[in-house]
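Trainee: Line order of the protein sequences matches chains A and B.
Position 8 of the first sequence, counting from 1, maps to 8 under my numbering, and the rest follow consecutively.
Position 214 of the second sequence, counting from 1, maps to 214 under my numbering, and the rest follow consecutively.
All residues carry an ideal CB built from backbone N, CA and C; glycine is no exception.
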Amino acid sequence: MTRAWQLAFLLALAAPVASAQEALRPYVVTGDAIQRSLTGRPGDAARGRAIVANRSAGLCLLCHSGPIPEERFQGTLAPSLAGAGSRWSEGQLRLRIVDGARLNPDTIMPAYYRITGLQRVARPFAGKTVLTAEQVEDVVAWLATLKE
Amino acid sequence: MKAARAALGLVSLFAATWAVAQGTLETRRSGYQDMGAALRQMQDDDTANPGMLFVQLGAAAWDKPAGASGKSCADCHGAASGMKGVAARYPAIPPGADKPVDLGGRINLCRTGRQQAEPWPAEHRDLLALEALVALQSRGEPIAPPADPRLAPFRERGAEIYRRRQGQLNLSCAICHDDNAGKQLAGVVIPQAHPTGYPIYRLEWQALGSLQRRLRNCLVGVRADAWPLDAMEYVELETYLMDRARGMKIESPAVRP
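1. Taking buried to mean at least 16 other C-beta atoms within 10 Å of its own C-beta, is His-124(B) buried or exposed?
2. With a threshold of 9 angstroms between beta-carbons, can Ala-68(B) be considered close to chain A, or not?
3. Along the chain, where does the alpha helix (DSSP H) that runs through Leu-39(B) open and close?
4. Kindly say whether Ala-111(A), judged by its beta-carbon, lies nearer than 9 angstroms to any beta-carbon of chain B.
5. Would you mind giving the Cβ-Cβ distance between Glu-131(B) and Lys-84(B), rounded to the nearest angstrom? I have them listed as a contact below 8 angstroms.
6. Looking at Ile-107(B) and Val-134(B), is the spacing between their C-beta atoms short of 9 angstroms?
7. Can you name the start and end residues of the alpha helix (DSSP H) that Ile-200(B) belongs to?
8. Since Gly-209(B) sits in a beta bridge, which residues does DSSP pair it with?
9. Would you say Gly-167(B) faces chain A, with C-beta separation under 9 angstroms as the test?
10. Does Ile-250(B) have its Cβ less than 9 angstroms from a Cβ in chain A?
11. Looking at Gly-67(B) and Ala-129(B), is the spacing between their C-beta atoms short of 9 angstroms?
12. Are at least three pairs of beta-carbons, each pair with one atom in the region 43-62 of chain A and one in the region 131-140 of chain A, less than 8 angstroms apart?
13. So who's on the other strand from Pro-105(A), going by DSSP bridges?
14. Is it buried or exposed, Cys-63(A), if we count other Cβ atoms within 10 angstroms and call 16 or more buried?
15. Using a Cβ-Cβ cut-off of 9 angstroms, state whether Arg-40(B) counts as contacting chain A.
16. Would the beta-carbon of Arg-29(B) fall within 9 angstroms of that of His-194(B)?
17. Please state the DSSP three-state secondary structure of Pro-26(A).
18. Taking buried to mean at least 16 other C-beta atoms within 10 Å of its own C-beta, is Tyr-240(B) buried or exposed?
19. So Asp-225(B) contacts chain A; which residues on that side make the cut at Cβ distance below 7 angstroms?
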């Protein structure tokens with residue numbers, strides 16, 4: 001069981017940081033949502049699922065559980081992702097992944113597309129977002145399919 | 001029967017209320033209590049606890065002369081059993097110093113000052129073995145940080161680090177170990193982070209390791225820049241954690257997953 005956690009973090013360190021040096025795409029927040037895709041294109045839900053399941057990419061299952069039965073070790077720190085697509089629009093999901101702290105300043109969920117307001121970031125990750133714009137879109141596309 | 005049961009219910013209710021009123025209702029848990037039965041048994045059985053092999057190495061090192069002085073620990077301190085209670089009160093500020101050292105730091109002070117030998121580097125097997133030997137003497141003793149007021153600023157800095165969000169994942173120790181302890185992080189129960197068992201034999205490491213090493217694992221986990229193993233920040237965190245665990249029992253050398 002600790003293997004999962006340790007592995008997550010070892011992989012996290014070893015993983016090539018996909019967002020390397022990419023300039024942050026600008027986005028507009030309207031209400032509690034980012035309406036437009038960060039990349040201008042729709043994401044790929046199948047890739048999104050893989051990112052969510054991947055402990056070194058999305059890290060989502062550290063905290064959340066979700067309809068990914070092959071991943072045995074899931075978190076209980078956050079609500080289940082099941083049904084996220086019926087609770088939220090794509091735009092709302094996008095803002096929650098990009099920078100959930102804009103909605104809840106105390107949230108423990110990391111901002112996946114923000115590089116400011118962080119302290120003592122390990123060198124390999126400094127100045128980089130957790131996910132790239134493409135990855136954010138893929139994750140949003142998958143979450144949007146989760147209707148209950 | 002019914003009356004008896006009701007009375008019993010009342011008594012336990014009173015007991016609980018009384019305990020709360022006295023502030024004595026213990027909600028703190030050692031990481032030991034969050035482990036499965038097999039691991040608890042491994043820790044409890046000295047013939048199965050791998051940490052005890054290191055205690056044996058420590059016992060040999062205790063008696064072995066070292067450095068230009070040609071003296072052993074035993075030459076100054078006698079039997080290791082004289083070290084009872086010592087591990088329960090570190091970090092402490094050694095005589096003539098103005099900063100706390102942890103138990104490993106204190107052992108290294110004897111090594112350089114009294115034995116006139118080279119200090120051991122962090123995580124050196126002999127250093128960990130001696131720490132395990134010394135800590136074993138306090139097994140079952142309550143954690144009892146010294147009343148030294150000079151420790152306060154170090155403890156405060158430790159508390160501040162504990163509450164500060166850091167790393168790319170922007171999490172603090174408190175978020176996991178205070179607010180979410182007992183919940184599961186990817187299937188692993190988050191313990192309350194009490195330093196009751198160090199040095200620990202961690203199955204993940206297949207080795208004995210220090211509290212610093214454990215803390216580094218957590219820092220790396222949140223993708224924070226981990227301080228080098230000999231950094232003061234770890235002593236500050238440990239000073240805070242030992243205060244937070246005041247009164248809990250030492251269980252070194254503990255086993256952890």
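Mentor: Straight from the coordinates:
1. Taking the second sequence and counting its residues from 1, one reaches residue 124(B) at position 124. His-124(B) is exposed by the Cβ-count criterion.
2. Counting from 1 along the second sequence, the entry for residue 68(B) is found at position 68. No, its Cβ sits nowhere closer than 9 angstroms to a Cβ of chain A.
3. Numbered from 1 along the second sequence, position 39 holds the residue referred to as residue 39(B). Element bounds for Leu-39(B): 37-44.
4. Your numbering for residue 111(A) matches position 111 in the first sequence. Yes, its Cβ sits closer than 9 angstroms to a Cβ of chain B.
5. By one-based count along the second sequence, residue 131(B) stands at place 131. By one-based count along the second sequence, residue 84(B) stands at place 84. Lys-84(B) and Glu-131(B) do not touch by the CB rule: their CB atoms are close to 15 angstroms apart, not below 8 angstroms.
6. Taking the second sequence and counting its residues from 1, the one referred to as residue 134(B) is at position 134. Taking the second sequence and counting its residues from 1, the one referred to as residue 107(B) is at position 107. Their beta carbons are under 9 angstroms apart, which means Val-134(B) touches Ile-107(B) by this criterion.
7. Sequence index remark: in the second sequence, residue 200(B) carries index 200 (1-based). First-last for Ile-200(B): 200-202, but that is the beta strand (DSSP E), not the alpha helix (DSSP H).
8. The residue given as residue 209(B) occupies position 209 in the second sequence. Beta-bridge pairing by DSSP links Gly-209(B) to Ile-200(B).
9. Numbered from 1 along the second sequence, position 167 holds the residue referred to as residue 167(B). At a cut-off of 9 angstroms, the C-beta of Gly-167(B) has a neighbouring C-beta in chain A.
10. Reading the second sequence from its first residue, position 250 is the one you call residue 250(B). By this cut-off, Ile-250(B) is not an interface position.
11. If you number the second sequence from 1, residue 129(B) lands on position 129. If you number the second sequence from 1, residue 67(B) lands on position 67. No, the Cβ-Cβ distance between Ala-129(B) and Gly-67(B) is not below 9 angstroms.
12. Three or more Cβ pairs drawn from the region 43-62 of chain A and the region 131-140 of chain A lie within less than 8 angstroms of each other, which places the two stretches in contact.
13. The residue given as residue 105(A) occupies position 105 in the first sequence. For Pro-105(A), which the question treats as bridged, DSSP gives no partner whatsoever.
14. Position 63 of the first sequence, counting from 1, holds the residue named residue 63(A). Here Cys-63(A) is buried, its C-beta having at least 16 other C-beta atoms within 10 Å.
15. For this step, residue 40(B) is matched to residue 40 along the second sequence. No, Arg-40(B) does not count as interfacial toward chain A.
16. Counted from its first residue, the second sequence places residue 29(B) at position 29. Counted from its first residue, the second sequence places residue 194(B) at position 194. In this structure, Arg-29(B) places its C-beta atom within 9 angstroms of the C-beta atom of His-194(B).
17. The residue you call residue 26(A) lines up with position 26 of the first sequence. Three-state DSSP puts Pro-26(A) in coil, outside helix and strand.
18. Residue mapping note: residue 240(B) aligns to position 240 of the second sequence, counting from 1. Buried, since its Cβ has 16 or more Cβ neighbours within 10 Å.
19. Position 225 of the second sequence holds residue 225(B). Chain A residues near Asp-225(B): Arg-120, Val-121, Ala-122 and Arg-123.
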